[in-house]
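Mapping to this note's numbering: the sequence shown position 274 is 521, numbers consecutive.
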Amino acid sequence: MDEALFDEVADFVIVGSGGGSMVAALYLNSIGKKPLILEKTDKFGGSTAMSGGVLWVPNSHVLKRKGIKDSHEAGRIYMDATVGNDGGPGATPERKEAYLRNGPIMVEWLEQQGMRWLHTEGWADYYDDRPGGVTRSRSIGAPMLDARDMGPLFDKLRLGPMVMPLPTDKAGIIGLATRTPRGMWEGVKLLWRMRQVAKRGKPILSFGGALQGRMLMLADKAGIDMRTDYPITELIEEDGKVVGVVAEHAGRARRIGARDGVLINAGGFSRNAQMRKRYGPQPSSVEWTNANPGDTGEMIQVAEKHGAALDLMDQAWWVPGTVGPDGGPAYMHNTDISKPHCIIVNRHGKRILNESGSYMENGQRLYRNDVPAYVILDSRHRKRYAWGYYPPGKTPQEWFDSGFIKKADTIEDLAKIAGIDPVGLKAEIEKFNSYCETGKDLDFNRGGRGYDNCFGDPTVKPNPNLGKIDKAPFYVMEMVPGDVGTSGGVVTDENARVLRGDGSVIEGLYATGNSTASVMGRCYPAAGASIGASFIFAWIAAHHAVGSNA
248 MDEALFDEVA
258 DFVIVGSGGG
268 SMVAALYLNS
278 IGKKPLILEK
288 TDKFGGSTAM
298 SGGVLWVPNS
308 HVLKRKGIKD
318 SHEAGRIYMD
328 ATVGNDGGPG
338 ATPERKEAYL
348 RNGPIMVEWL
358 EQQGMRWLHT
368 EGWADYYDDR
378 PGGVTRSRSI
388 GAPMLDARDM
398 GPLFDKLRLG
408 PMVMPLPTDK
418 AGIIGLATRT
428 PRGMWEGVKL
438 LWRMRQVAKR
448 GKPILSFGGA
458 LQGRMLMLAD
468 KAGIDMRTDY
478 PITELIEEDG
488 KVVGVVAEHA
498 GRARRIGARD
508 GVLINAGGFS
518 RNAQMRKRYG
528 PQPSSVEWTN
538 ANPGDTGEMI
548 QVAEKHGAAL
558 DLMDQAWWVP
568 GTVGPDGGPA
578 YMHNTDISKP
588 HCIIVNRHGK
598 RILNESGSYM
608 ENGQRLYRND
618 VPAYVILDSR
628 HRKRYAWGYY
638 PPGKTPQEWF
648 DSGFIKKADT
658 IEDLAKIAGI
668 DPVGLKAEIE
678 KFNSYCETGK
688 DLDFNRGGRG
698 YDNCFGDPTV
708 KPNPNLGKID
718 KAPFYVMEMV
728 PGDVGTSGGV
738 VTDENARVLR
748 GDGSVIEGLY
758 ATGNSTASVM
768 GRCYPAAGAS
778 IGASFIFAWI
788 AAHHAVGSNA
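This is the structure in structure tokens:
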């Protein structure tokens, strides 16, 4: 590589600024290398900063510190029982092994650099009844972060649609604020923190904001070169090896060399309508996503031009959701629909999924049945539990005025105004109500897993996820397969190297996160599986790029 042909040269160029980008940069900086992070938008953080902010890392020292027994072998057994052997070329045994082996090492190393970890209680593996699954969480996140501690850096952090000062490990408990003493106490503490935030003028960050805020602070403290408003338009290749990028900044194209390689961590294409139409199941809309504004897929397209193989382009991290009447971000309802007194049906009135189950699987089931589907609530659900960003018992009048939510005093009338078969819906609810009496859902085993119960209501017996739908008024809303990002992209190997269609390596080019075909295949086995992969394969890429073992 002739460095004189470039406007500037770094050791390693990282495209995108999500969690994995910070991991790679921190490691390379620690060994004396000069990484460069280029973010195309005006904020750092990517979808990581807007997410639930947890990583799924079996057998980490954070679990051991809590006295939780786990093992590498148990994690492998569980991945085999969920991801399986048909997850595509991004989910090979070698990649799954690399994930499990490197995760605990990376987590401990980051803590040594100053990262603070929190074990996120209450997040069972999503298929905890399968071999290797656990009901006690393998997921970890970050403690809440006072935005004032970030100084001016806070203004460069991307925030989610709702910044709530709630610890990551209390996400399930707060949903019971009207139901249990513990839930009520967490609600009181949340209100107190919100009042403190109002006084001080800066938020208390939690979830993805706390995770990415802390990672950003570590990178800033280390003096890592991080730039916003630097979209990449091309990869520079010499003799079959990627040696740099072309970036646009301030109206000028800049050739930036990369001595040790380029890492793509630029997210997927949830906000690219054309790519959604070309690759994804239909119907589909950019209005259904909660991914970050920069999730528009250009780097996947750029890599493909250089021969990168693509896979899982029809998949996303689906979450059943609704599109609100205000034009804001879609509401994601995975925890809301897990509560009793709620079912999801198709236009024939038939249930189509386990409402308390894995949200990615539920999105897939929506596409196999009806889009939109319909969520049916009775009056107790609206009285007792939150819906989207709104607390229990509060249903904005504009929701009714816009037709976003409809209500009726009988199931038959509700079905008619929603366009659902009244006979089918009435029969289905009668059957469902009988399951609520026995506590056994004979159709979808709702409430039969530990994960199902994580967001149930323990005061409802005999099954915390099953509650009759028999108290008027009844409510209905259309439900769509929302998402928090796509899960397909370039195919990579166990060293995070991008591969061509024939399996050969594109030298100098690495990728991680939602820019890649997921190591989890078509499954989402646990909370933090996507962010975990972004972090871990960035760690692996950085090591491989400089010839270190990971």
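Cβ coordinates follow ideal geometry from the N, Cα and C atoms, glycine included.
Enumerate in chain order the residues of its own chain whose CB-to-CB distance from residue i is below 8 Å, with the five nearest sequence positions on each side excluded.
{"i": "residue 481", "result": "492, 493 and 549"}
{"i": "residue 487", "result": "753 and 754"}
{"i": "residue 597", "result": "671 and 675"}
By how many angstroms is the C-alpha of residue j removed from the C-alpha of residue i?
{"i": "residue 283", "j": "residue 511", "result": "12 Å"}
{"i": "residue 365", "j": "residue 678", "result": "42 Å"}
{"i": "residue 396", "j": "residue 317", "result": "34 Å"}
{"i": "residue 305", "j": "residue 249", "result": "44 Å"}
{"i": "residue 333", "j": "residue 772", "result": "15 Å"}
{"i": "residue 781", "j": "residue 504", "result": "24 Å"}
{"i": "residue 619", "j": "residue 730", "result": "14 Å"}
{"i": "residue 790", "j": "residue 759", "result": "13 Å"}
{"i": "residue 513", "j": "residue 293", "result": "8 Å"}
{"i": "residue 341", "j": "residue 522", "result": "29 Å"}
{"i": "residue 744", "j": "residue 532", "result": "31 Å"}
{"i": "residue 742", "j": "residue 343", "result": "11 Å"}
{"i": "residue 498", "j": "residue 542", "result": "22 Å"}
{"i": "residue 662", "j": "residue 381", "result": "39 Å"}
{"i": "residue 751", "j": "residue 776", "result": "27 Å"}
{"i": "residue 328", "j": "residue 696", "result": "15 Å"}
{"i": "residue 454", "j": "residue 406", "result": "10 Å"}
{"i": "residue 509", "j": "residue 285", "result": "11 Å"}
Just to confirm the assignment, what range does the beta strand (DSSP E) spanning residue i have?
{"i": "residue 655", "result": "653-655"}
{"i": "residue 727", "result": "721-733"}
{"i": "residue 589", "result": "589-592"}
{"i": "residue 196", "result": "Nothing about residue 196 can be reported from this structure: the residues present for the chain run from 248 to 797 only."}
{"i": "residue 511", "result": "499-511"}
{"i": "residue 226", "result": "Because the chain in this structure spans residues 248 to 797, residue 226 falls outside the shown range and cannot be described."}
{"i": "residue 455", "result": "Careful: residue 455 lies outside any beta strand (DSSP E), inside the alpha helix (DSSP H) at 454-468."}
{"i": "residue 370", "result": "Premise fails: residue 370 is in no beta strand (DSSP E) and is neither H nor E."}
{"i": "residue 647", "result": "Run containing residue 647: none in the beta strand (DSSP E); it sits in the alpha helix (DSSP H), 644-649."}
{"i": "residue 262", "result": "255-262"}
{"i": "residue 250", "result": "Unbroken run through residue 250: none, as it is neither H nor E."}
Looking only at its own chain, which residues have a Cβ that is under 7 Å from the Cβ of residue i, when we skip the five neighbours before and after it?
{"i": "residue 778", "result": "266, 295, 298, 301 and 302"}
{"i": "residue 584", "result": "567, 591, 602 and 622"}
{"i": "residue 698", "result": "371, 372, 373 and 375"}
{"i": "residue 495", "result": "478 and 480"}
{"i": "residue 439", "result": "none"}
{"i": "residue 403", "result": "290, 291 and 475"}
{"i": "residue 560", "result": "526 and 735"}
{"i": "residue 528", "result": "561 and 614"}
{"i": "residue 631", "result": "425, 426 and 639"}
I'd like the list of long-range same chain contacts for residue i, defined as Cβ closer than 6 Å, with 5 residues on each side in sequence excluded.
{"i": "residue 424", "result": "430, 431 and 434"}
{"i": "residue 281", "result": "257 and 258"}
{"i": "residue 401", "result": "394"}
{"i": "residue 701", "result": "369, 371 and 419"}
{"i": "residue 270", "result": "782, 785 and 786"}
{"i": "residue 649", "result": "572"}
{"i": "residue 338", "result": "330, 766 and 768"}
{"i": "residue 688", "result": "682"}
{"i": "residue 555", "result": "737 and 745"}
Since residue i and residue j are thought to touch, with beta carbons under 8 Å apart, how far apart are those beta carbons, to the nearest angstrom?
{"i": "residue 578", "j": "residue 526", "result": "Incorrect: roughly 25 Å between the Cβ atoms, too far for contact."}
{"i": "residue 613", "j": "residue 728", "result": "5 Å"}
{"i": "residue 347", "j": "residue 319", "result": "6 Å"}
{"i": "residue 739", "j": "residue 517", "result": "Not confirmed; about 20 Å, so no contact."}
{"i": "residue 220", "j": "residue 694", "result": "Summary: the structure shown does not reach residue 220, with the chain confined to residues 248 through 797, and so no result is reported for it."}
Using alpha carbons as the reference points, say which of the options lies closest to residue i.
{"i": "residue 580", "options": "362, 269 and 422", "result": "422"}
{"i": "residue 755", "options": "788, 659, 254 and 696", "result": "788"}
{"i": "residue 500", "options": "515, 483 and 514", "result": "483"}
{"i": "residue 664", "options": "255, 724, 735 and 630", "result": "724"}
{"i": "residue 444", "options": "463, 459, 457 and 411", "result": "411"}
{"i": "residue 658", "options": "647, 626 and 631", "result": "626"}
{"i": "residue 569", "options": "763, 610 and 595", "result": "610"}
{"i": "residue 383", "options": "535, 774, 539 and 608", "result": "774"}
{"i": "residue 762", "options": "608, 718 and 546", "result": "546"}
{"i": "residue 386", "options": "413, 437, 360 and 310", "result": "310"}
{"i": "residue 247", "options": "795, 469, 749 and 273", "result": "The chain is shown only over 248 to 797; residue 247 falls outside these bounds and no answer can be derived."}
At what residues does the alpha helix (DSSP H) containing residue i begin and finish?
{"i": "residue 672", "result": "669-685"}
{"i": "residue 428", "result": "428-447"}
{"i": "residue 329", "result": "319-329"}
{"i": "residue 563", "result": "Note, residue 563: premise wrong, no alpha helix (DSSP H); beta strand (DSSP E) at 563-569."}
{"i": "residue 659", "result": "658-665"}
{"i": "residue 779", "result": "776-792"}
{"i": "residue 538", "result": "Premise fails: residue 538 is in no alpha helix (DSSP H) and is neither H nor E."}
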